[in-house]
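Undergrad: Structure provided below as structure tokens; questions to follow.
Chains as they are written, first to last, in this note's numbering: chain A, 340 to 643; chain B, 340 to 643.
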């Protein structure tokens, strides 16, 4: 199984000409629908540029209510309505956003043709979403306003079916579920095909953690331990560590220290201050501490 | 004198990958500050791409409260605060926007470091701004919610000073104002330089009218009579005239008919439906009726 993260916005609060405010798209082999994490201004245009079918986005997770993390949500909601969306849209965010959405809808009397299901993120740790394919947990970060990080972990039956078997025997849905969970298969002629012969064990369910925005916070290490991919904000270079602390942000070095302490497999840094025209020094600073680091660049897809 | 209009967003309600929601920047030789007309999502990034000094934007005019005309305002307001703006920002819009802005500011407790001066657009015709350099008038359009068009007309002293005279005699500010308004100049030695010799008459004050969004509405013709540049929405081709009427929008042909009836000098069409990948047919349709027509294309600057 695999998780794919598309970078839609790598900028911190003030965007540049080509770096957008925070937004990331997450796709899992285990799910038909897509997930959006933060939704800064311009997200819908970025989704179009990356040829994403927006109707497939079922869940949107907003880390906190600074505008650069949610000002694109209103355009997304209204455009989906104009484009005929019928499927519910689940939004996970801090409570005040619900009223902002309602205010925005009421100003021109828009009646949405689809349902917004709003899930208020609770204080502290919580499970936001739990299906047989995905678990999403929230945990507190250390920012100037209430902010949460997220961990996405693939779930699912412990086995997948062998393709040759499926092509030859065409088992129905009920059979497929039983086999994925451990059963042997019995043909109409009474022949029993042993489970081990017709399945492959799934041993590569993936996980992704999202930490933005936050001051350096070793408390998060235990929450993101061993994830396959960690996104951690890296607003400043470490020479501005005092500024970072003051503004409740992290330096690139600090992001890498968190990645190292949590023994994650890969680190993606982003939320770069507009002052950095060239982001290579930020990436190199992180690599000194944690070698497997990549920068978030609009349009890139990172596989976990 | 000249007006320069920069196209920041030429799309109708749902943006495409490269066509942004409505936003236009207006610059006049007569004013030091800049004016923004509508402010769809992504405007601040478009301003950066076009190297516009955002601090110079003093007045923002919002035609109506459909999201594609104002969802970029919040990001603009917050970014200006982060970038240290001190100068007041004048926003001319329909009344409910004021509360939306206040709600957005209160959600994360932001205290702006500059003043927003909100001017509610009245029903019917009104004068929004009147200085010795610019007059901006609003007039009603025919759309599904309350919507106004705008006419911007350069003002100013009837004369400009001859450059050679200024370089040779360095008149002070008070003298310059007197001469611009008709006085002769008297040197310290008592020599009188006749007004006609040291000035040039300004006979080219320009005007620009903005009509978006609106159904075909001959009533506006008298409001925009003879302007140097008219922007008129052209959401659909004329084969969809019934759809246009139903949605309170115009066809390209109808935009051209308004331009022709108003005897404007130049027509700019925009607010193109996302269904048109190629906008040339829309432009050609308008040109059949009004030859001096250009399409709005992101980044282009049109001189009036």
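All C-beta atoms, glycine included, are put in the ideal place defined by N, C-alpha and C. Computed from a prediction, not measured in an experiment: that's the story for all the values here.
Within its chain, find whatever has a CB closer than 6 Å to the CB of residue 374/B; leave out the 5 residues flanking it on each side and keep chain order.
TA: Contacts found: 365, 398.
Undergrad: Run through the DSSP bridge pairs and tell me what residue 395/A is partnered with.
TA: Per DSSP, none; premise fails for residue 395/A.
Undergrad: Can you tell me which of the three DSSP states residue 609/A falls into?
TA: In the structure shown, residue 609/A sits in a strand (DSSP, three-state: E or B).
Undergrad: Taking only three categories from DSSP, how would you classify residue 724/B?
TA: Residue 724/B lies beyond the stretch modelled for chain B, which goes from 340 to 643, so this question has no answer here.
Undergrad: Please classify residue 626/A: does DSSP put it in a helix, a strand, or coil?
TA: Residue 626/A: helix per DSSP, three-state reduction.
Undergrad: In three-state terms, what does DSSP make of residue 463/B?
TA: DSSP places residue 463/B in coil when its eight states are reduced to three.
Undergrad: What ranges does the alpha helix (DSSP H) occupy inside the segment 369-423 of chain A, keeping only unbroken runs of at least 4 residues that lie completely in it?
TA: Runs of the alpha helix (DSSP H) inside the segment 369-423 of chain A: 382-388, 412-421.
Undergrad: With a 10 Å radius around its C-beta and 16 neighbouring C-beta atoms as the bar for buried, classify residue 637/A as buried or exposed.
TA: It counts as buried.
Undergrad: What does the alpha-carbon distance come out to for the pair residue 498/A and residue 514/A?
TA: Cα-Cα distance, rounded: 13 Å.
Undergrad: Please list the segments of the alpha helix (DSSP H) lying wholly inside the segment 507-563 of chain A, counting only runs of 4 or more residues, in order along the chain.
TA: Those alpha helix (DSSP H) runs which fall completely within the segment 507-563 of chain A and span 4+ residues are 512-519, 534-537.
Undergrad: How do the segment 446-464 of chain B and the segment 536-543 of chain B stand: do at least 3 beta-carbon pairs fall below 8 Å, yes or no?
TA: No: the two stretches stay apart, fewer than three of their Cβ pairs being nearer than 8 Å.
Undergrad: Could you work out which residues of chain B lie near residue 447/A, taking near to mean beta carbons separated by less than 7 Å?
TA: Result: 404, 405, 484.
Undergrad: Which residues, in order along the segment 380-397 of chain B, keep a beta-carbon less than 7 Å from a beta-carbon of chain A?
TA: The segment 380-397 of chain B vs chain A, Cβ under 7 Å: 380, 381, 383, 384, 387, 388.
Undergrad: Hey, is residue 353/B's beta-carbon within less than 9 Å of any beta-carbon in chain A?
TA: True, the Cβ-Cβ gap to chain A drops below 9 Å.
Undergrad: According to DSSP, is residue 446/A part of a helix, a strand, or is it coil?
TA: If DSSP states are grouped into helix, strand and coil, residue 446/A belongs with the helices.
Undergrad: Looking at the unbroken alpha helix (DSSP H) that takes in residue 583/B, where does it start and where does it end?
TA: Taken as a continuous stretch (DSSP letters only), the alpha helix (DSSP H) holding residue 583/B covers 580-585.
Undergrad: Could you say which of 551/B, 505/B, 630/B, 472/B lies nearest to residue 368/B if we only look at CA atoms?
TA: For residue 368/B, the nearest C-alpha among the options comes from 472/B.
Undergrad: List the residues of chain A whose Cβ lies closer than 8 Å to the Cβ of residue 730/B, in chain order.
TA: The first residue shown for chain B is 340 and the last is 643, placing residue 730/B beyond what the model contains.
Undergrad: Note down, in chain order, every chain A residue with its Cβ under 9 Å from the Cβ of residue 363/B.
TA: Going along chain A, no residue has its Cβ under 9 Å from residue 363/B, so there is no contact; the nearest lies around 18 Å.
Undergrad: Along the chain, where does the beta strand (DSSP E) containing residue 430/A start, and where does it finish?
TA: Where residue 430/A is concerned, the enclosing beta strand (DSSP E) stretches over 428-432.
Undergrad: If we ignore side chains and look at the alpha-carbon of each, how far apart do residue 483/A and residue 586/A end up?
TA: Straight-line Cα distance between these residues: approximately 7 Å.
Undergrad: Is residue 438/A close to chain B? Criterion is C-beta to C-beta, closer than 9 Å.
TA: So, interface residue.
Undergrad: What would DSSP say about residue 496/B, mapped onto helix, strand or coil?
TA: Residue state, collapsed to three classes: coil.
Undergrad: From residue 622/B to residue 567/B, what distance separates their C-alpha atoms?
TA: Those two C-alpha atoms are separated by around 19 Å.
Undergrad: Have a look at 403/B, 361/B, 383/B and flag the residue whose alpha-carbon is nearest the alpha-carbon of residue 395/B.
TA: Considering only alpha carbons, the answer is 383/B.
Undergrad: Can you check whether the C-beta of residue 359/B is within less than 9 Å of a C-beta belonging to chain A?
TA: Cβ-Cβ to chain A under 9 Å: yes for residue 359/B.
Undergrad: For residue 414/B, go through chain A and note every residue whose CB falls closer than 7 Å to its CB, in chain order.
TA: Residues of chain A passing the Cβ test: 380, 406, 410.
Undergrad: Looking at chain A, is there any beta carbon in it that lies within less than 9 Å of the beta carbon of residue 633/B?
TA: No - not a single Cβ of chain A is within 9 Å of the one on residue 633/B.
Undergrad: Across which residues does DSSP place residue 479/A in a beta bridge pair?
TA: According to DSSP, which records beta bridges pairwise, residue 479/A is partnered with 487/A.
Undergrad: Leaving aside the five residues before and after residue 523/A along the sequence, list all residues of the same chain whose C-beta is less than 6 Å from its C-beta, in chain order.
TA: So the qualifying residues of the chain are 531, 533, 534.
Undergrad: Kindly indicate which residue of 353/B, 352/B, 359/B has the alpha-carbon position closest to the one of residue 346/B.
TA: Measuring from the Cα of residue 346/B, the nearest candidate turns out to be 359/B.
Undergrad: I want to verify the contact list: residues of chain B whose CB lies under 9 Å from the CB of residue 417/A, in sequence order.
TA: Residues of chain B passing the Cβ test: 352, 353, 405, 406, 407, 410.
Undergrad: Hey, residue 478/B and residue 547/B: beta-carbon distance below 9 Å or not?
TA: No; because the gap between Cβ atoms is not below 9 Å, this pair is not in contact.
Undergrad: Report back the beta-carbon spacing between residue 556/A and residue 481/A to the nearest angstrom; my notes put them in contact at under 8 Å.
TA: Correct: roughly 4 Å between the Cβ atoms.
Undergrad: Looking at the unbroken beta strand (DSSP E) that takes in residue 362/B, where does it start and where does it end?
TA: Where residue 362/B is concerned, the enclosing beta strand (DSSP E) stretches over 362-367.
Undergrad: Would residue 580/B and residue 632/B qualify as a contact pair, given that the criterion is a beta-carbon distance under 9 Å?
TA: No; because the gap between Cβ atoms is not below 9 Å, this pair is not in contact.
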